[in-house]
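Student: When we follow this note's numbering, the leftmost residue of the sequence shown carries the number 4, and every step to the right adds one.
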Amino acid sequence: MDIDKAKLMRIAVVTSITLVLMLAGQWIYTKYTIEKSLVNILSQKSWIEKADVKSDRGKVIVFVKFKDIDNFMEAYDDVYDTVNYNLKGKPFSILITNRPDSVIKDVYENYIQFIVHEAVQTGNYTAMRIKLDEIESEKKVKITTFINQRNVYIKIKHENYYFYYIVQRSN
């Protein structure tokens, strides 16, 4: 049996080109259809100031900047559900872009993070709230917390600056 090397080479080239075109099409579909539509959907939410989506090593990273909102837990859960529904099972993470000032940074880094993480470990959320109330009156910031089965949601506000943070509860 005589194998025509030129014919075999053409088949290999056509197969390679087809594969490259299919992969490029998949990338374009993901980038411009799924990710851009997700950004548009999130940007229409009343509590979102800015949203962006990036892909990194097969995982989608959603960047969200919230407006000054009252119920952070409700807003975050809505964003989470929207992203989960639109990505249809793809792995993702949501990163919150914050706008803290120096007072908020100081209060969070030197006080609040320790209190909240201690409460998550011990389960004593009443003591956490008491300590946060003391910090509120001492440092002149507004600290709002929400708790559900999965997370502890924290909002710290000082003047026109705010900071949102989520701590996952251990199960």
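Backbone N, C-alpha and C define an ideal beta-carbon position, used for all residues, glycine too.
(1) Below 7 Å CB to CB, which residues in the same chain sit around Arg153 once its five sequence neighbours on both sides are set aside?
(2) In terms of DSSP beta bridges, what is Ile157 paired with?
(3) Alpha helix (DSSP H) containing Ser40: first to last residue?
(4) Under the three-state reduction of DSSP, which class applies to Ser58: helix, strand or coil?
(5) Is the beta carbon of Ala54 sitting closer than 8 Å to the one on Phe66?
(6) Where does Ile6 land, buried or exposed, given buried means 16+ other C-beta within 10 angstroms?
(7) Can Glu38 and Val17 be called in contact, C-beta distance under 8 Å?
(8) Taking Ser140 as the reference, give the member of Gln124, Glu121, Lys160, Phe149 with the closest Cα.
(9) Using the C-alpha atoms, what's the distance from Thr125 back to Lys68?
(10) Would you mind working out which of Ser96, Val82, Glu52 sits nearest Asp59, comparing C-alpha positions?
(11) DSSP on Lys68, reduced to helix/strand/coil?
(12) Which runs of the alpha helix (DSSP H) at least 4 residues long sit entirely within the stretch 87-135? Give them in chain order.
Tutor: By the coordinates alone:
(1) Gln171, Arg172
(2) Thr148, Tyr168
(3) 39-46
(4) strand
(5) yes
(6) exposed
(7) no
(8) Lys160
(9) 31 Å
(10) Ser96
(11) strand
(12) 105-110, 116-125
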